[in-house]
Amino acid sequence: MATATLVFSEDGILFDVRALVGRERLGEPTELDIEALSTAPVEPAAVLGKACLTTLASPIGARSIAGTVVSFTAIATSQPGLARRYRIVVRSTLALLELRQRPRIFQQLSVPDVVKQVIADATSSTLPVELHLSGSYSPREYIVQYAETDAAFVRRLCEEEGLYFRFLVENDEERVVLEDSSTTADDALGEALPVTDAAGESRPVATASNPRVSHRRRVGKVTLRDYKQQNPRFKLEAVATAGRPAEQQEVEVYEAPGRFLDPDAGNTRARTRLEGLRANAEVWTFETTALALAPGLGVTLAAIDLSGTAQPEGEYFVVAVRHQFRESNHSMEVEAIPRATPYRLPRITPRPRIHGIHSAWVTGAAGEEIHVDAQGRVRVKFHWDLSPGADEKSSLPIRVMQPNTPGAMVLPRVGWEVLVAFEDGDPDRPYILGRAYNAKQPPPYALPANKTVTVLGTSSSPGGGRQNQIRFDDAAGRQNISFAAGFGKSASVGNNMVTQTVKNEALTIEASQSRIVGANEDISVTQGYSNTVGSQSALVGATQKIYVKGNMAVGVGSETVVVGGACLEKVGNPVTGALNLAKAAALHGAGALGAVGGALATAYQLGEAGYRGYQAGGLSGAVQAVGTAGASRVAERFVPGGGQLLGALSELSPAPWAERAGPGGPSAAGGGATAASDTGGPAGPGPGHRNTTVRGVATELVGAAVQMTTPGTVSWSTIGASTFLVGGSHHIKAGQAGARTLGASSETLGSLRIETSGDITRDITGPITTTVAGSLKSKASGKHNIKAGGALKLTVGGPLKLTASKVTFVVGGSTVTSASDGLLLDAGTIKFKGKTNQKKDTGHS
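Numbering follows this note's numbering, with no gaps: position 173 of the sequence shown is 168.
This is the structure we're talking about:
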């Protein structure tokens, strides 16, 4: 005789159980459908949602099942004297999770830990969870609960991880037990359960009867494959096999993505998946009187006097139990699998799918405007996520889709609203498609007023005070592309670069500009070319050629020219003998200059040192390499006292190696100047002019030869003192030549030769000192005038030859004139010192 009782934790509620149907199965809440009587009326609120304990008892034993009332039905009757009839549905407290649905995200937690947390949240920690696990479970980076109940979420995680749960009662308290090893489960009875013929058994002992077995053809092979962004070329694949050879060869399940990121985890996952598919390959069913049998426990069957194909003798693992109770009769049906077969929950819970695109906020660590990892992934906070916090832990690092170009890199910033899609609809695999504007972060230009504008712009970080921007305006009649760099701009072109502007182009540089041209630079200007600078320095490492078809005028406040080798200038049309002159200048080496050879060598070494210093350290390097002392040695070698002369000149004007910016403007001494060239001169290769105007002190130091050739004019105008130091020859060949110096003039030359087809004029306000180490030759087809306001001193180491139709020296009130018809001395007093010799007649007036 069996009994069934229903007891509530609250006193005063009594029921007489008349019938019961119960279902217990691993991984599912237990459910008892009870029909009961009560002498007093019971209000639904008194029992609905209340914890209770149902106990089944028989002479063989007893077992209690705990749960919560989830349904209460009152059955009406027409006889008032009869007891009230009720139908009560009791389920495991875990069934309450079926009523809760809330999206949230779990990070860096193992599946057992997530299950415990979800159950604790749903039951207010009133349902204890025990972990009986033999395996180790690593934390998962990211687990999303979305559009599924807590119960479905827990069941799905257990199915994926190979876990199962069951229920037990300790001290009248319900507990959930999470397990993963059915092959080592505890035995329910402690001894074998005999299998007998139920019809002939009347003893009060635990027995099993009517055993039967079903076999199913199941999957024999599972293959999983996945992809890892951090190692995209590595083939992530795992394979597991079991069962009969035919099953392994013919029945395969292939899944991708397999949801694993390393081979070991993949092998475990493949094995677990296959075990879940094969768990019901062999299932035994039998009736029993052993109330102690419950899902999740083991049992050993011992067959007695049974024969046939089905041989039940062996060890089994209980998967499910079904109860039938009415009046005093109770029966149990047990479903079990061989104990050697690992049990896994069947995959019956579908994974949630997110169809379409979701919006989210980009998040990051506190104080960061851009928060990315090495792969450019960012974190987001979904609007539906109920998890606390919005920071660098809001989600897993999410990949960001980039423009379809090889080098694109566009990174979302903290606070942006982005659009997120999901790989195959999987909430655990999001990726960002792009950005969306909102009222808080509107487009950079007002719309629809600027609807023709397309912008690619970024803000400086941190702060966002500046922007880099490329702006396209497609409005008809004003199509425009603009570039704006918040700080600097760099451009690199691997081969040629061509820029063409149909109309005007303006370039404004508020500070400095540097240009480095590895080969040649050609500038072609159809009309005028104007260059206005505060100060200008030019260093030519090899040869510099300037060709002016028309006139060339150079005006400076002061001028210093240092030439380490030869200085050749050709103005206008090439003249006969220019090639020979250049060759002669090149051959005029230091060893061929006689008395000035040493000075030339020193000047050449000085120029070379300055050039190498410029290569190493720019203009400052050249200054350090040369120095005033080096130039003074050159001047001293040219002429005794040259060093002192150069020192005196240095006090009047900046030395050629000194760095000093002038006050600007062509009229200020020592300041900037404007150089202009145009087509106003004679057309084609006609005669040219070489005019130099210095509004200060002029100094030229040439280590070797100076050659100037032009059919036009050559002129120097110096407001201050004028100094020429030429180590080699100084050769001028022009239509006319002239020099005008308002101060003193000093020349130290290896040799001097001036040839003109017109006049030669030298007008010096102060004294003239000319020192020529070699010969001095001056030839003019017209007049040759030398005028000095002070003393005139000519020192020539070689011959001095003046050739003209008439040569006149004017000193004060005295005149000496030499012509083809004689020599004229015109003076108040003529004195002869020493001996005189007269060959022809003389006349006196």
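The beta-carbon is built from N, C-alpha and C at its ideal position, and this holds for glycine as well.
Predicted, not measured: the structure shown is a model, and the values here were computed from it.
CB-CB under 7 Å to residue i, same chain, minus the five flanking residues each way: which ones, in chain order?
{"i": "ARG408", "result": "VAL357, GLU364 and ILE365"}
{"i": "ALA678", "result": "Caution applies to ALA678, whose pLDDT of 42 falls short of 50 and renders its modelled position unreliable; the model cannot decide the point."}
In the DSSP assignment, the alpha helix (DSSP H) including residue i goes from what residue to what residue?
{"i": "PHE844", "result": "Limits of the chain in this structure are -4 at one end and 840 at the other, which puts residue 844 out of reach."}
{"i": "ASN262", "result": "258 to 273"}
{"i": "GLU154", "result": "145 to 156"}
{"i": "GLY118", "result": "Reading off the sequence shown, one finds Thr at residue 118, where the question assumed Gly. Counting along the chain, the alpha helix (DSSP H) containing THR118 begins and ends at 106 to 118."}
Could you tell me which of the options sits nearest to residue i, measuring between CA atoms?
{"i": "GLY362", "options": "VAL313, VAL2, GLY410 and THR798", "result": "GLY410"}
{"i": "ILE714", "options": "THR704, GLU695, MET703 and GLY738", "result": "GLY738"}
{"i": "THR88", "options": "THR25, GLY359 and VAL172", "result": "THR25"}
{"i": "GLY723", "options": "TYR426, THR756, GLU169 and VAL767", "result": "VAL767"}
{"i": "SER776", "options": "LYS788, VAL791, SER800 and THR764", "result": "SER800"}
{"i": "GLY253", "options": "GLN244, GLU245, VAL246 and ARG266", "result": "ARG266"}
{"i": "PHE67", "options": "ALA57, GLY56 and LYS45", "result": "LYS45"}
{"i": "TYR132", "options": "ALA40, ASP116 and ASP259", "result": "ASP259"}
{"i": "ASP11", "options": "ILE727, ARG321 and ASN832", "result": "ARG321"}
{"i": "GLY472", "options": "GLU282, GLY481, PHE482 and THR447", "result": "THR447"}
{"i": "SER710", "options": "ASP145, THR756 and LEU771", "result": "THR756"}
At what residues does the beta strand (DSSP E) containing residue i begin and finish?
{"i": "ALA297", "result": "293 to 298"}
{"i": "GLU245", "result": "Per DSSP, GLU245 belongs to no beta strand (DSSP E); it is in the alpha helix (DSSP H), 240 to 245."}
{"i": "THR447", "result": "From DSSP, THR447 is part of no beta strand (DSSP E); its letter is neither H nor E."}
{"i": "ALA40", "result": "No beta strand (DSSP E) contains ALA40, which is instead part of the alpha helix (DSSP H) from 39 to 42."}
{"i": "TYR524", "result": "524 to 527"}
{"i": "HIS896", "result": "Nothing can be reported for residue 896, as the shown portion of the chain is limited to -4 through 840."}
{"i": "LEU406", "result": "Premise fails: LEU406 is in no beta strand (DSSP E) and is neither H nor E."}
{"i": "PHE229", "result": "No beta strand (DSSP E) holds PHE229; DSSP gives it neither H nor E."}
{"i": "PRO383", "result": "PRO383 -> no beta strand (DSSP E), and no H or E assigned at all."}
{"i": "TYR432", "result": "First-last for TYR432: undefined, no H or E at that position."}
{"i": "TYR81", "result": "79 to 86"}
{"i": "ASN399", "result": "Where ASN399 is concerned, there is no enclosing beta strand (DSSP E), given that its DSSP letter is neither H nor E."}
{"i": "HIS325", "result": "324 to 333"}
Starting from the C-beta of residue i, find all residues in its chain whose C-beta is less than 6 Å away, skip the five residues before and the five after it, and write them out in chain order.
{"i": "ASP182", "result": "GLY293"}
{"i": "ASP368", "result": "PRO392"}
{"i": "SER59", "result": "LEU48, THR50 and VAL164"}
{"i": "ARG151", "result": "THR344"}
{"i": "ALA147", "result": "THR344"}
{"i": "TYR141", "result": "PRO98, PRO347 and PRO422"}
{"i": "ARG466", "result": "VAL450 and SER477"}
{"i": "SER712", "result": "THR688 and ARG735"}
{"i": "ASN515", "result": "none"}
Taking C-beta to C-beta, are residue i and residue j nearer than 8 Å?
{"i": "LYS778", "j": "GLU750", "result": "no"}
{"i": "GLU30", "j": "ARG79", "result": "no"}
{"i": "VAL64", "j": "VAL42", "result": "yes"}
{"i": "VAL124", "j": "ILE114", "result": "yes"}
{"i": "ALA203", "j": "LEU184", "result": "no"}
{"i": "ARG372", "j": "SER389", "result": "no"}
{"i": "PRO439", "j": "GLY452", "result": "yes"}
{"i": "ASP380", "j": "ILE55", "result": "no"}
{"i": "GLY271", "j": "ARG220", "result": "no"}
{"i": "GLU277", "j": "PRO333", "result": "yes"}
With a threshold of 16 other CB atoms inside 10 Å of the CB of residue i, please say whether the residue is buried or exposed.
{"i": "GLU742", "result": "buried"}
{"i": "GLN731", "result": "buried"}
{"i": "ASP517", "result": "exposed"}
{"i": "SER842", "result": "Summary: the structure shown does not reach residue 842, with the chain confined to residues -4 through 840, and so no result is reported for it."}
{"i": "ASP175", "result": "buried"}
{"i": "GLY769", "result": "buried"}
{"i": "GLY691", "result": "buried"}
{"i": "GLU505", "result": "exposed"}
{"i": "SER4", "result": "exposed"}
{"i": "GLY460", "result": "exposed"}
{"i": "ILE759", "result": "buried"}
{"i": "ARG211", "result": "exposed"}
{"i": "TYR426", "result": "exposed"}
{"i": "SER740", "result": "buried"}
{"i": "GLY637", "result": "Here GLY637 scores only 46 on pLDDT, less than 50, and its place in the model is too uncertain to base an answer on."}
{"i": "ALA822", "result": "exposed"}
{"i": "PRO401", "result": "exposed"}
In chain order, what residues of the same chain lie with their CB nearer than 8 Å to the CB of residue i, ignoring the 5 residues before and after it?
{"i": "PRO290", "result": "GLU19, ARG20, LEU21, ARG161, VAL313, VAL314, ALA315 and VAL316"}
{"i": "PRO762", "result": "ALA739, SER740, ALA783, GLY784, GLY785, ALA786, LEU787 and LYS788"}
For chain C, find out if any of its Cβ atoms is closer than 8 Å to the Cβ of residue i; answer yes or no.
{"i": "ALA360", "result": "Although the question refers to chain C, the structure presented lacks it and comprises just one protein chain."}
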